[in-house]
Amino acid sequence: MKLERHAIIKGVIFCETGLRIGGSNDDIEIGGNDNPIIRNPVTDLPYIPGSSLKGRMRSLLELKHSAITQQTGKPCDCGQCNICKIFGTHGTHKARESVLGPTRIIVRDAFLTSESVKELKAANQEKGIYYTEVKHENLVDRKTGKAEHPRPNERVPAGSKFDFEIVLRIFENDNENAALNLIREGLSLVQKEYLGGSGSRGYGKVRFINTTIDGVPFVLEEGK
Amino acid sequence: METYRLKLRMKSGFISPLQADTIFGGLCWTIRYAEGNDSINSMLGDFRSDRPWFVLSNAFPGDLLPKPLMKIKRPLPATRDEQLLQAREGKRLKKIEYLTPKEFISLISGSMPVIENREKPISQVSTLHNQINRISGSTADGGQLFEQMESYINQKDENNQEQDYLSIYIKLREPGLRDWLLDQFRLLGQTGIGKRKSTGKGSFSVIEMEKCELFESIKEPNAYLSLSNFVPRQGDPTEGYYKTFVKYGKLGEEYALSSYPFKHPLLMIRAGSVFFTKGGVKPFYGQMVENIAPTYPEVLQYALAFSVPVRMNGDN
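First to last, the sequence lines map onto chains A and B.
Numbering-wise (the UniProt record's numbering), the first sequence opens with residue 1 and increments by one.
Numbering-wise (the UniProt record's numbering), the second sequence opens with residue 1 and increments by one.
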């Protein structure tokens, strides 16, 4: 196989609503949040892991195009379709039978834009929120109407922006247009649905703005 | 051979430790994909016949270098208090993994510098990942939860300035190879090194590759230190101070999808090990290990030692 080139798709993920990608908390603190989001361990700033964006694109594409997924709800492991080729064949056994070659897509971690870091830092000083907001939720007893099980959820506030980058490796004999259309469709589906957790109650509505491919505008949907 | 230092800025965390053989493996795939089989075969042919185009060190955080495995002669303690102090100092030094260039050079020149405590330059964090059920959208009913250990550089210099880069030391057979190798590293950075490349782990950008004369000040060396993990070849020095470990290697890219993607376990000597030499220090020691992967007999394992001259005051 010969690598023709890397196509680099860049842009900004704009959070139209609060975004929550769960992390883990090793420390138990009195009064601390036990539903934290994922943060960069060095800078302590929130970020969107590449695995979250890639996984979300893949799962939505599979639900739309893969008969295996539509029946079982599991990742497609046919080892033949374009999703398996671009996102990597799922499942060790099928991957080894497949002749599709290496995974074509690389979705990098998306970090807060410098503008967003500045804004959230100011919010931190003025309102005391640490680059995130805490949203309290509860469950209402249907008979009494009383709130039960209160829980705080940490999330990145609406309006935050993250720089994202997707690299597509194009080998000789690959159909570049088909691959780019699949990525375009994947990103559009994420826009229509959500990123991260709790999407059915409004979290994670995102928009990909200023998207480019190798510096040239990369339009996700016609007319937008 | 001329020595260069390559500085890399990681674009996110990395999972596989960036050891010389892992970096070499990544480079081989880059060269094969970019230039074809003939180019990689010609390069590996020269590596096989003991004429390597380049010798790589492991990647080290910021400007730091590995703590040499050396025996330092210290005066015998005269009192119980002195004995206790020396024991405490030994215990403190044992925990230190990396040294600053100043401490490193002073130590390999035969003197005993004051080595300060410092925070671990690489922080490891565990992250949890889910595989969601595509229909229900939740991790329950067929979804899976798994853990991944990721490493991040967390290194500051003496002036508390962040050193958010990795350094790889490279010896080149010919200076003309510099630009070619730099291009290969740039291409490799687009893809990434090690596990979970497709989610951005191990990807980097190249900051610079400049000549490095750090190791040229050692006068009358009588030993060498390796900046890479390696396997000695017949005839290499055997007396010295070293630590071994077993490497369980794995094939990369499309070979990783074969029926058996593993390499044979390989006993290697750790970076930082020191061996006495008789006469001068060669630019590299060690060998390329053949027949390491049962499925692909043509695969070579990089196990050369990036040698740094050392003046040892201990027994020779």
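Backbone N, C-alpha and C fix where the C-beta goes; we use that ideal spot for every residue, glycine too.
Contacts that residue i makes with chain B (C-beta to C-beta distance below 8 Å)
i, result
"residue 157 of chain A", "Correct list: empty, because the minimum Cβ distance to chain B is about 22 Å."
"residue 62 of chain A", "134"
"residue 38 of chain A", "127"
"residue 54 of chain A", "198, 199"
"residue 88 of chain A", "198"
Residue i Cβ short of 8 Å to the ligand FAD heavy atom set
i, result
"residue 201 of chain A", "The model on display carries no ligand, and the ligand FAD is accordingly not part of it."
Among the options, the one whose alpha carbon lies nearest that of residue i
i, options, result
"residue 204 of chain B", "B:59, B:110, B:160", "B:59"
"residue 257 of chain B", "B:189, B:265, B:268, B:295", "B:295"
"residue 343 of chain B", "B:243, B:270, B:231", "The displayed coordinates of chain B run from 1 to 316. Any statement about residue 343 of chain B would go beyond what the structure contains."
"residue 68 of chain B", "B:242, B:297, B:118, B:249", "B:242"
"residue 197 of chain B", "A:122, A:102, A:198", "A:102"
"residue 135 of chain B", "A:69, A:83, A:142", "A:69"
"residue 185 of chain A", "A:83, A:132, A:198", "A:83"
"residue 240 of chain B", "B:159, B:313, B:127, B:186", "B:313"
"residue 214 of chain A", "A:8, A:117, A:180, A:47", "A:8"
"residue 131 of chain A", "A:142, A:146, A:139, A:113", "A:113"
"residue 211 of chain B", "B:259, B:218, B:191, B:178", "B:178"
"residue 169 of chain A", "A:48, A:23, A:19, A:106", "A:106"
"residue 202 of chain A", "A:13, A:211, A:210, A:157", "A:157"
"residue 176 of chain B", "B:164, B:54, B:278", "B:54"
"residue 238 of chain B", "B:275, B:245, B:267, B:225", "B:275"
"residue 94 of chain B", "B:66, B:110, B:129", "B:66"
"residue 81 of chain A", "A:182, A:199, A:153", "A:182"
"residue 187 of chain A", "A:205, A:173, A:137", "A:205"
"residue 272 of chain B", "B:97, B:151, B:253", "B:97"
"residue 51 of chain B", "B:174, B:127, B:85, B:129", "B:174"
Straight-line gap, residue i to residue j (C-alpha atoms, nearest Å)
i, j, result
"residue 88 of chain B", "residue 104 of chain B", "21 Å"
"residue 125 of chain B", "residue 147 of chain B", "10 Å"
"residue 160 of chain A", "residue 193 of chain A", "18 Å"
"residue 223 of chain A", "residue 207 of chain A", "Bear in mind that the predicted position of residue 223 of chain A carries a pLDDT of just 44, short of 50, making it too unreliable to give a figure here."
"residue 88 of chain A", "residue 114 of chain B", "51 Å"
"residue 56 of chain A", "residue 199 of chain B", "12 Å"
"residue 133 of chain A", "residue 50 of chain A", "22 Å"
"residue 5 of chain B", "residue 209 of chain B", "5 Å"
"residue 71 of chain B", "residue 144 of chain B", "49 Å"
"residue 220 of chain B", "residue 298 of chain B", "40 Å"
"residue 58 of chain A", "residue 79 of chain A", "14 Å"
"residue 290 of chain B", "residue 119 of chain A", "56 Å"
"residue 183 of chain B", "residue 31 of chain B", "10 Å"
"residue 153 of chain B", "residue 86 of chain A", "30 Å"
"residue 214 of chain B", "residue 2 of chain B", "12 Å"
"residue 283 of chain B", "residue 225 of chain B", "11 Å"
"residue 247 of chain B", "residue 5 of chain A", "33 Å"
"residue 101 of chain B", "residue 9 of chain B", "19 Å"
"residue 236 of chain B", "residue 308 of chain B", "15 Å"
"residue 90 of chain B", "residue 17 of chain B", "27 Å"
"residue 13 of chain A", "residue 170 of chain B", "38 Å"
"residue 191 of chain B", "residue 13 of chain B", "14 Å"
"residue 29 of chain B", "residue 136 of chain A", "50 Å"
Pair within 9 Å by beta-carbon distance, residue i and residue j
i, j, result
"residue 15 of chain B", "residue 286 of chain B", "no"
"residue 166 of chain B", "residue 172 of chain B", "no"
"residue 145 of chain A", "residue 19 of chain A", "no"
"residue 54 of chain A", "residue 211 of chain A", "no"
"residue 49 of chain B", "residue 20 of chain B", "no"
"residue 311 of chain B", "residue 229 of chain B", "no"
"residue 163 of chain B", "residue 62 of chain B", "yes"
"residue 22 of chain A", "residue 35 of chain A", "yes"
"residue 104 of chain A", "residue 164 of chain A", "no"
"residue 227 of chain B", "residue 249 of chain B", "no"
"residue 3 of chain A", "residue 302 of chain B", "no"
"residue 361 of chain B", "residue 27 of chain B", "Here chain B comprises residues numbered 1 to 316, so residue 361 of chain B is not present and cannot be evaluated."
Proximal chain B residues relative to residue i, where beta-carbon distance stays under 7 Å
i, result
"residue 57 of chain A", "What residue 57 of chain A touches in chain B: nothing, since even the nearest Cβ is about 11 Å away."
"residue 51 of chain A", "129, 199"
"residue 108 of chain A", "11, 12, 200, 203"
"residue 126 of chain A", "Within 7 Å Cβ-Cβ: nothing; residue 126 of chain A doesn't reach chain B, min ~27 Å."
"residue 229 of chain A", "Summary: the structure shown does not reach residue 229 of chain A, with chain A confined to residues 1 through 224, and so no result is reported for it."
Within chain A, the residues that residue i reaches when beta carbons sit closer than 8 Å
i, result
"residue 254 of chain B", "1, 101, 102"
Listed by chain order, chain B residues near residue i by CB distance under 9 Å
i, result
"residue 69 of chain A", "134, 135"
"residue 18 of chain A", "Within 9 Å Cβ-Cβ: nothing; residue 18 of chain A doesn't reach chain B, min ~18 Å."
Contact set between residue i and chain A, taken where Cβ atoms lie within less than 7 Å
i, result
"residue 33 of chain B", "1, 2, 3"
"residue 125 of chain B", "41"
"residue 190 of chain B", "6, 167"
"residue 154 of chain B", "42"
Residue i: contacting residues in chain A (beta-carbon distance under 9 Å)
i, result
"residue 36 of chain B", "2"
Cutoff 9 Å: residue i Cβ touching any chain C Cβ
i, result
"residue 211 of chain A", "Reference to chain C is not applicable here, since the protein chains of this structure are A and B."
**Entirely enclosed alpha helix (DSSP H) segments - the segment 93-154 of chain B, minimum 4 residues** = If we require 4 residues or more, the alpha helix (DSSP H) runs fully inside the segment 93-154 of chain B come out as 101-108.
**Those runs of the beta strand (DSSP E) which lie wholly inside the segment 153-208 of chain B and span at least 3 residues** = As far as the segment 153-208 of chain B is concerned, its whole beta strand (DSSP E) runs of at least 3 residues are 166-172.
**Item:** Runs of beta strand (DSSP E) lying entirely within the segment 134-178 of chain A, each at least 3 residues, in chain order
**Value:** For secondary structure counted as the beta strand (DSSP E) over 3 or more consecutive residues, the segment 134-178 of chain A holds these complete runs in sequence order: 147-155, 161-171.
**Item:** Every unbroken beta strand (DSSP E) inside the segment 216-253 of chain B [3 residues or more]
**Value:** Qualifying beta strand (DSSP E) stretches, in chain order: 223-226, 244-247.
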